[in-house]
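Residue numbers (the working numbering): -1 to 161. From the three backbone atoms N, C-alpha and C, an ideal C-beta is built for every residue, glycine too. What follows is a set of notes on a single structure, which appears directly below.
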């Protein structure tokens, strides 16, 4: 049985996007067309399954309302651009608790290494984003303000004389 017939469309979209990230590590995201085209490269590049496009546009996109798909496989970085969803990404509340990656048993053995790659990539990229965000970089910067006294005493001292 051909790979495409065994794969759920959402899993095919995840695999295609993961492969794009691996093939182009310098790219932050990909166009919808690039992801659809890459999904078509499984076995027969001329045979893109119906449903792949709508999964890339809507069903698998974490930061869009579920309609009806609820998975958090992709993240819309800007109009017409997607990348794989990372655990630190915001998502629509209607997608809480939904699928982020394929189940290992749902994808061919030769692609299961991508699940390990993704775990490392997602964590590394999430930490990298935190390091770039100026507000997140401030985290913990005020701890030296009351380093010599308990926080409660520090606050009481600041409030002395307030009416």
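Find out if the Cβ-Cβ distance for the pair residue i, residue j is shorter than 8 Å.
i: residue 99; j: residue 12; result: yes
i: residue 81; j: residue 9; result: no
i: residue 68; j: residue 38; result: no
i: residue 16; j: residue 114; result: no
i: residue 65; j: residue 88; result: no
i: residue 104; j: residue 6; result: yes
Could you have a look at residue i and say whether DSSP puts it in helix, strand or coil?
i: residue 70; result: coil
i: residue 5; result: coil
i: residue 79; result: strand
i: residue 98; result: coil
Starting from the C-beta of residue i, find all residues in its chain whose C-beta is less than 8 Å away, skip the five residues before and the five after it, and write them out in chain order.
i: residue 63; result: 90 and 92
i: residue 58; result: 8, 11, 12, 67, 69, 70, 71 and 72
Just confirm the distance between the C-beta atoms of residue i and residue j, as a whole number of angstroms; I'd bet it's less than 8 Å.
i: residue 70; j: residue 51; result: At roughly 19 Å, the Cβ-Cβ gap does not stay under 8 Å, so residue 70 and residue 51 are not in contact.
i: residue 30; j: residue 78; result: 5 Å
Tell me the rounded alpha-carbon separation between residue i and residue j.
i: residue 4; j: residue 24; result: 31 Å
i: residue 161; j: residue 154; result: 13 Å
i: residue 49; j: residue 56; result: 10 Å
i: residue 152; j: residue 158; result: 10 Å
i: residue 150; j: residue 118; result: 40 Å
i: residue 108; j: residue 102; result: 11 Å
i: residue 123; j: residue 97; result: 19 Å
Excluding five sequence neighbours on each side, which residues of the same chain lie with their C-beta closer than 7 Å to the C-beta of residue i?
i: residue 33; result: 11, 14, 15, 18, 54 and 80
Residues in the same chain with beta-carbon distance under 6 Å from residue i, minus the five sequence neighbours each way, listed in chain order, please.
i: residue 120; result: 84 and 85
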